[in-house]
Structures are given as C-alpha cells and as structure tokens.
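Reviewing the structure listed below.
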Amino acid sequence: MTDDTGDGWRNDLRRVLSAWVYILAAAILSVAAWATGAATGYAVILFCLLFLLVVFRQLPVEEAPVVPAPAAEVEEPAPDPLPLILASLDGLDMPIFVLGLEAELIAQNQAAEKVFGDLVAGLHVSTRWRSPGILDMIRETIETGAPNQIEHSERHPSERVYIVRVAPVDPSFTSGASYFLLSFRDISELRRLDRMRSDFVANASHELRTPLASLRGFIETMQGPARDDAKAKDRFLTIMLDQANRMSRLVDDLLSLSRLELKAHVAPDQKVELAPILGHVRDSLAPLAAELGVEIRLDLPEEKVEVMGERDELVQVFENLMENACKYGQDGKFVDVSLRREPGGATEVSVRDHGPGIPAEHVPRLTERFYRVNVEDSRSKKGTGLGLAIVKHILTRHRARLIVRSDLGAGSVFTVRF
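Right, here's the structure in full:
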C-alpha cells in the first residue's frame, strides 16, 4: 500500500530541480552566444528563451482554492402572527377580541364566542357595543397607544358587569402590524357579593336595633314611672326576656352562617342514617307542635337509608323545615314528613304542610338572608329570617338541593334531594 501524498510530493520536487538545471544551462548558453555576437549566437539565444518558456510552463503551480459564488438571498414573507395570537388567547377563559387599526373586529377567542356569540369579522366594533364609554376608550387607545379600561354593565340577556380593557399588541411580535386586544373580565359575582354583604350588615343591624330599642325603653320605664309598679315590672320583664331571646337567636344564627361559610367547600366524609335523625327532630319539636295544634307525621321506609353528611347539621336542616311547617302551616293541622330513595340512587326528604301556601313571586327568594314573605307574621312567630339561608348553606356543603313547591290554599312542600 503506497502513500499517494508522499509520492506526489517527491515527483514535484524532482520536476522543480530538473527545471532549474535546464534553466541554468540555457542561461549559460545564452551568455556565451551573446558574447560571440554572431548570427548563430542570436539564434541560440532565441532557442534558449523558447526553451525557458516551455520549462516554466511545466513547473507546478499552486492553484488558489475555488470559492463558490454566494447564492442569491431570497427574502421570504413574514409569517402571519394572527394564528399564533388566537392560539394563545383560546387558552384563556376571559372573552377577548382582536381589533384592527380602524376598530374593526378581526377575530375572537373561544370564550368570547361562548359569551357573545359568533361575530362577523370586518365589522366595526360599534355594531356590537354601542356604549359611548367603550367606543371612546377604544378610539383613545388607537390614537395614543396607551391601554384603557372602564366598568361596563349589560342588561340583556342577563345583568352582567364587566371590566372592559383595551390594549395594543407589541408591534415587534406582529411584524409591524397594528392589533389591539379588547377583553371583558366578568365581575358580576363580586358586585353581587358586595351588595349582599352591604344588605346583610344593614339588615343585621336593623334586626338587632329593634329589640335593643325595646329593651332600652322598658328599662327606662322601670327606672322611672313604673319604679314602684310590681305588675308592670313583671309584664315588662317578660317582654324584655323575649327580646333578649330574640337577639340571642339572631346572634346564634349569624354565627352559624359564618361557620358554614368557612367550611362550605369541604364536603362531609361520613355516612349518617336519615330515619333516626327525622325521628329525633320530630320528638324535639313535639312540645311546639302540640302548642300550635299541629301533628307531625313520619313516613319512613323499612330499609336503612344513608347519605354522606354531618349529623348535627342535618338535624339543624330538618328542625328549620319542620318548625317552619308547624308555624306557617298550622291551619292545616298536619305536617307530613316522608323519606324516599329513588331507583336512580337519589334520596329525598319532603316536608309538607297544609297551610295557606306561598305566593309564587316569593318562592325564588325564600333562601335569601332576612327575606320574609310577611315581616310582622315572621316576627310574631319569633323568626330571625335566617333559617332557610342556613338550610341552603348546609345543603350546599352536603352537595344537596332544596326544592320548593307551593300552591296557594293547598300548602307547601320543601324537598331536600341528596
């Protein structure tokens, strides 16, 4: 096996040495011919020059590397950034619209389609929202490039409150194209909770103010005009005790609501049997039912019926429902309580009274705090206006529902469905 690289190097060296020997000989002959000056000498010189030219052409010449000509650069068009923007926006649960430089609708994410429907691309934003606040805000952002936001309310199809914000998209991400994002953040629940909190504080303070004023008035009377009237004192002390008990019940119910709200997200993890609970509640309310002239009748199955729940809280639920049935349906003389397990697995406890019933317009609001169908009737029956609100909170924690059906003149049915 031979080394081609080494042989090539030796051959080139041999050729160079031979060439330089011929060149030296030609140079000597040329000098000698020039010295004689004869015509033959000039011929020899010419022959030597030709010979040298041939020899130089035979010398190895290092060729410069061939550098390929650079290929012509083809400028590719910039990719459309809109699909990437939409793919990112579809991952958000907030309705977002993409607007152009003329405030035209270009695209929307999936959340926007669910809330506002499928909008036609290319139309001006004013075809959907005619609110001057929204339109002025968008116009200002397009002119100045500064983000803006306002609070916006819609009445149809339902009352909703949004924080509407418009902001430009960084042009470095859109190849210089001008896009603007119009977003709608729903704060309806926050506003509703704020109203409920304000109403709760106002109602609670009002409910406490009335018995406190009553107590203060009787105390002042007993300290003044009735100081020496023993009969008046006895009568006033009885009323004062009722008012103090009313405040105590109200405070207890408020504390119960607070405790329930703290653990509303934690579902019970123990099984409880419903029949013994219903029997216990019926027995505990027997004195009240006898006083009102009402009989509580139980209709219980023979088999054991269990649900996931907390016994004390379920006792509170059925105490509220049966007590209300006795108080507000006492004209019917009977309260029927039934327990059923449906074939599909749902369990129902129904509390039916045979009283005057509830007008239909009041039924949806029965579980609101301090809501009363008849304020004077409720207070005369020592109600706090929080009983059904507590029932609702407990059932929410138990992943159960309260279903209310009522017919005027035929009574009401409150059904707990687990």
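Everything in the sequence shown is counted per my numbering, starting at 74 for the first residue and increasing by one.
Virtual Cβ for every residue (Gly too), placed ideally from N, Cα, C.
If you're wondering where the values come from, they're calculated on a predicted model, not measured in any experiment.
Check each candidate in Gly-484, Gly-458 and Thr-420 and name the one with the smallest Cα separation from Leu-468. Closest by alpha carbon: Thr-420.
Could you name the residues of the same chain whose beta carbon sits closer than 7 Å to that of Ala-473, not counting the 5 residues immediately before and after it, in chain order? Excluding residues within five positions, the ones whose Cβ falls inside 7 Å are Val-489, Arg-490 and Phe-491.
With 16 other Cβ atoms within 10 Å as the buried cut-off, status of Asp-302: Asp-302 comes out exposed.
Count the other C-beta atoms from every protein chain shown that fall within 10 angstroms of the C-beta of Val-493, then say buried if there are 16 or more, exposed otherwise. Examination of residue 493 is not possible in this model, given that the chain is present from 74 through 491 alone.
Straight-line gap, Glu-283 to Leu-263 (C-alpha atoms, nearest Å): Contrary to the premise, residue 283 reads as Thr rather than Glu in this sequence. CA-to-CA, the gap between Thr-283 and Leu-263 works out to about 30 Å.
Use the C-beta contact count for Gly-482: other C-beta atoms within 10 angstroms, 16 or more gives buried, fewer gives exposed. Taking all protein chains in view, the Cβ of Gly-482 is surrounded by fewer than 16 other Cβ atoms within 10 Å, so the residue is classified as exposed.
Measure the alpha-carbon distance for Arg-414 versus Asp-259 and round it to whole angstroms. Cα to Cα, the separation comes out at about 40 Å.
Can you list, in chain order, the residues of its chain whose CB lies under 8 Å from that of Met-313, leaving out five sequence neighbours each side? Ser-287, Leu-288, Phe-291 and Ile-292.
Nearest to Glu-175 by alpha carbon, out of Asp-191, Val-198 and Met-395? Nearest of Asp-191, Val-198 and Met-395 to Glu-175, Cα basis: Val-198.
Collapsed DSSP secondary structure at His-435 in the structure displayed: Residue state, collapsed to three classes: helix.
Out of curiosity, what's the CA-to-CA distance linking Ser-485 and Val-408? When rounded, the distance between both Cα atoms is 10 Å.
Specify whether the stretch 319-335 and the stretch 370-384 touch according to this definition: at least 3 beta carbon pairs, one from each stretch, less than 8 Å apart. Too few Cβ pairs lie closer than 8 Å, so no.
With the cut-off set at 8 Å, would you say Gly-382 and Gly-405 are in Cβ contact? No, the pair does not count as a contact, with Cβ atoms beyond the cut-off.
Counting along the chain, where does the alpha helix (DSSP H) carrying Met-167 start and finish? Taken as a continuous stretch (DSSP letters only), Met-167 belongs to no alpha helix (DSSP H), as it is neither H nor E.
Can you give me the C-alpha to C-alpha distance between Ser-533 and Ser-226, rounded to a whole angstrom? Examination of residue 533 is not possible in this model, given that the chain is present from 74 through 491 alone.
Check each candidate in Val-388, Leu-439 and Glu-434 and name the one with the smallest Cα separation from Glu-346. Comparing alpha-carbon positions, the option among Val-388, Leu-439 and Glu-434 lying closest to Glu-346 turns out to be Val-388.
Gln-183 vs Asp-163 beta-carbon contact at 8 Å: A Cβ-Cβ contact shorter than 8 Å links Gln-183 with Asp-163.
Please determine, among Thr-200, Lys-344, Gln-403 and Glu-368, the residue with the shortest C-alpha to C-alpha distance to Lys-377. When only C-alpha atoms are compared, the closest one is Lys-344.
Taking the beta strand (DSSP E) that Gly-484 belongs to, which residues open and close that run? Per DSSP, Gly-484 belongs to the beta strand (DSSP E) from 484-490.
Residues of its chain near Arg-384, where Cβ-Cβ distance is below 8 Å and the 5 sequence neighbours each way are ignored: Cβ within range, chain order: Val-345 and Ile-350.
Ile-211, enclosing alpha helix (DSSP H) - first and last residue: In this chain, the alpha helix (DSSP H) harbouring Ile-211 covers 205-217.
With a threshold of 7 Å on Cβ separation, who are the neighbours of Gly-206 within its own chain once the five nearest residues in sequence on each side are excluded? Excluding sequence positions up to five before and after Gly-206, its CB lies within less than 7 Å of the CB of Ile-223 and His-225, all in the same chain and listed in chain order.
Proximity winner among Phe-391, Leu-365, Asp-342 and Gln-316, relative to Ala-348 (alpha-carbon distances): Selected option, being the one with the closest Cα: Phe-391.
Could you name the residues of the same chain whose beta carbon sits closer than 8 Å to that of Pro-220, not counting the 5 residues immediately before and after it, in chain order? Thr-214, Arg-238, Val-239, Ala-240 and Pro-241, listed in sequence order.
Using 8 Å as the threshold, is the C-beta distance between Gln-403 and Val-367 below it? A contact, by the Cβ cut-off of 8 Å.
Excluding five sequence neighbours on each side, which residues of the same chain lie with their C-beta closer than 7 Å to the C-beta of Leu-192? Cβ neighbours of Leu-192 beyond the five flanking positions: Leu-178, Gln-181 and Arg-201.
Use the C-beta contact count for Val-339: other C-beta atoms within 10 angstroms, 16 or more gives buried, fewer gives exposed. Label assigned to Val-339: exposed.
Could you check if Asn-318 is buried or exposed, using at least 16 other CB atoms within 10 Å of its CB as the buried criterion? Exposed, because fewer than 16 other Cβ atoms sit within 10 Å of the Cβ of Asn-318.
Should Thr-75 be labelled buried (16 or more other beta-carbon atoms within 10 Å of its own) or exposed? Legend: pLDDT at Thr-75 = 47, less than 50; position of this residue unreliable, no value from coordinates given.
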